[in-house]
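*Asks:* One structure coming up, written as structure tokens, with questions to follow.
Number of protein chains: 2
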Amino acid sequence: MNSRSIILLAHGSSDKRWCDTFEALAEPTLKAVSNSRIAYMELAEPSLNAVVHEGVAAGTHDFTIVPLFLAAGRHLRKDVPAMIEALEKATGASIKLSPPIGENPLLGQAIKDVVALQLAQSTSE
Amino acid sequence: MNSRSIILLAHGSSDKRWCDTFEALAEPTLKAVSNSRIAYMELAEPSLNAVVHEGVAAGTHDFTIVPLFLAAGRHLRKDVPAMIEALEKATGASIKLSPPIGENPLLGQAIKDVVALQLAQSTSE
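Protein chains in written order, with our numbering: chain A, 1 to 125; chain B, 1001 to 1125.
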């Protein structure tokens, strides 16, 4: 087999509460999309490195990384592409980097809905 | 008048492309919610400080800050509360800090929808 794996990539933090929030954010995707996982750039496990190596060992050769970032800064413009290049060399896998989720207009719509809820709570207090 | 103002708070970056993404993310909210603005913690304009002072000068005394952050780290647990305390002292305004947008389940649903689109694109290429 050679199915594509989706990797939801978060930055990572030594604060477990930070990672818990990302795991909750990832949960609907992990439930809906087969062969999808969460991975962290740094400071938390599982690392991107570990997730790609495990995927390759299980027979996956195509990966799409969807960054759980609202916008692209240095990490997504430089660090992650460098990590991908090294992983492709080390494993022979093909790894595509998608734009950060915040570049998709669906996120702006979700933010509008969240703000409407916050506003309703603020005014009812 | 004494209407409530919504402030969408982003971290800020010296990279204009980063700020452009946040302005696009904020746009649906700014169009839909009256008396709403975007502000940056640092490295970009307008600053939170400027937006609160301008709001107070225009007659607003109640602000709700909705952080355009996926999760709460040091900035939202320490730095922003300290900024709010100083602004409340300086202006007499009342400023509420909402949870980061990423703690709302609507964001996880939007991420799932974004990933489904990315996956459709990946497999059609």
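Even glycine gets a Cβ: it sits at the ideal position worked out from N, Cα and C.
Tell me, to the nearest whole angstrom, how far the beta carbon of alanine 1071 of chain B is from that of threonine 60 of chain A; I am working on the premise that it is less than 8 Å.
*Replies:* Wrong, their Cβ atoms sit about 28 Å apart, outside the cutoff.
*Asks:* First and last residue of the beta strand (DSSP E) that includes isoleucine 1006 of chain B?
*Replies:* From DSSP, the beta strand (DSSP E) with isoleucine 1006 of chain B extends over 1004-1010.
*Asks:* Quick check on the burial criterion: 16 or more other C-beta atoms within 10 angstroms. Buried or exposed for glutamine 1121 of chain B?
*Replies:* Exposed is the call here.
*Asks:* For the ligand HEM, I want to know if proline 1046 of chain B counts as a neighbour, meaning its beta carbon is within less than 6 Å of at least one of the ligand's heavy atoms.
*Replies:* Looking for the ligand HEM in the displayed structure turns up nothing, as the structure carries no ligands at all.
*Asks:* Please check if any C-beta of chain B sits within less than 7 Å of the C-beta of glycine 12 of chain A.
*Replies:* Closer than 7 Å: no.
*Asks:* Which one or two residues does DSSP pair with alanine 39 of chain A in a beta bridge?
*Replies:* Partner(s): A:Leu9.
*Asks:* Any Cβ of chain B within less than 7 Å of the Cβ of glycine 73 of chain A?
*Replies:* At least one chain B Cβ lies under 7 Å of glycine 73 of chain A.
*Asks:* Run through DSSP, which three-state label would phenylalanine 22 of chain A get?
*Replies:* Helix at phenylalanine 22 of chain A.
*Asks:* Where DSSP assigns a beta bridge to leucine 1097 of chain B, which residues make up the other side?
*Replies:* Note: leucine 1097 of chain B sits in a beta bridge opposite B:Ile1065.
*Asks:* For valine 203 of chain A, which of A:Lys16, A:Ala26, A:Cys19 has the nearest alpha-carbon?
*Replies:* Within the shown structure, residues of chain A are numbered from 1 to 125, placing residue 203 of chain A beyond reach of any answer.
*Asks:* Give the residues of chain A in contact with alanine 1024 of chain B, contact being defined as C-beta atoms less than 7 Å apart.
*Replies:* Ordered by position in chain A, the residues that pass the 7 Å Cβ test against alanine 1024 of chain B are Gly108.
*Asks:* In this structure, how does DSSP classify aspartate 1113 of chain B when only helix, strand and coil are distinguished?
*Replies:* Note: aspartate 1113 of chain B maps to helix in three-state DSSP.
*Asks:* For alanine 10 of chain A and serine 1014 of chain B, what's the separation of their Cα atoms in angstroms?
*Replies:* Each residue's alpha carbon lies about 22 Å from the other.
*Asks:* For serine 94 of chain A, which residues from the same chain have a beta carbon less than 8 Å from its beta carbon, with the 5 sequence-adjacent residues on both sides left out?
*Replies:* His61, Asp62, Phe63, Glu88, listed in sequence order.
*Asks:* Between the alpha carbons of leucine 1030 of chain B and valine 52 of chain A, how many angstroms are there, rounded?
*Replies:* Distance between the alpha carbons of leucine 1030 of chain B and valine 52 of chain A is about 40 Å.
*Asks:* To the nearest angstrom, report how far apart leucine 119 of chain A and alanine 24 of chain A are at their CA atoms.
*Replies:* The straight-line gap from Cα to Cα measures roughly 23 Å.
*Asks:* Establish whether the CB of isoleucine 95 of chain A and some CB of chain B are separated by less than 7 Å.
*Replies:* Answer no: the Cβ-Cβ gap between isoleucine 95 of chain A and chain B never drops below 7 Å.
*Asks:* Taking only beta-carbon atoms, is isoleucine 65 of chain A less than 7 Å away from chain B?
*Replies:* It does not: the Cβ of isoleucine 65 of chain A has no partner Cβ on chain B nearer than 7 Å.
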